[in-house]
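Asker: With the first letter of the sequence shown counted as 1, position 64 gets the number 64 in UniProt numbering; the numbers rise by one all the way through.
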Amino acid sequence: MRSKTTTNQVDEYVDKLSPEKQLLAQEIRRIINSSVAHLEECVRWDCACYFFYGPVCYFSSSRSGLHFGFFRGKELSDPHRRLVSRNGQYPHIKIRTLADIDEAYFADLVRDAVLLNQN
């Protein structure tokens, strides 16, 4: 009997990124998964997406790095004012280097986005 191994879509998505972007994506992914344990992870709309009672957050490749965004980002409290949105994009944070990643802040945003979907 042959066993069927499946690969995670997000693993495949990250593997296709440049080495610099892979490092950023792995860190964002780790923060998302450690913030809320029950998120569904998949690739939709050509980005890594996370769902819980609807879409919560995503990360996607950009010209100069990654975008870490939130589908209901306009409703999130953003005390650091890092979420940007242009030309109808979902509010997102531009990440170019590991120094742009603020683990505690990003984890709070993920948890707040999940709470929005639960209410």
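Just so it is clear, CB atoms sit at the ideal spot from N, CA and C, and this is done for glycine as well.
1. Beta-carbon separation of residue 92 and residue 65 under 8 Å?
2. Just checking, does the segment 93-100 make contact with the segment 45-54 on the three C-beta pairs under 8 Å criterion?
3. Along the alpha helix (DSSP H) that carries residue 24, what are the first and last residues, could you check?
4. Per DSSP, what are the beta-bridge partners of residue 16 in this structure?
5. From what residue to what residue does the beta strand (DSSP E) around residue 40 run?
6. Output the boundary residues of the alpha helix (DSSP H) element that contains residue 109.
7. Just tell me which of 107, 34, 18, 30 has its CA closest to the CA of residue 76.
8. In chain order, what residues of the same chain have a beta carbon less than 7 Å from the beta carbon of residue 59, not counting five sequence neighbours either side?
9. Does the segment 34-48 come close enough to the segment 78-88 to have 3 or more Cβ pairs within less than 8 Å?
Answerer: Put simply:
1. The Cβ atoms of residue 92 and residue 65 lie no closer than 8 Å to each other.
2. With the rule of 3 Cβ pairs closer than 8 Å, the segment 93-100 does not count as touching the segment 45-54.
3. Residue 24: member of the alpha helix (DSSP H) spanning 19-35, first to last residue.
4. In DSSP, residue 16 forms no bridge with anything.
5. Boundaries of the beta strand (DSSP E) around residue 40: 40-44.
6. For residue 109, the enclosing alpha helix (DSSP H) has its first and last residue at 103-118.
7. Comparing Cα-Cα distances from residue 76 to each of 107, 34, 18, 30, the minimum goes to 107.
8. Excluding residues within five positions, the ones whose Cβ falls inside 7 Å are 25, 28, 47, 48, 66, 67, 68.
9. No, the segment 34-48 is not in contact with the segment 78-88.
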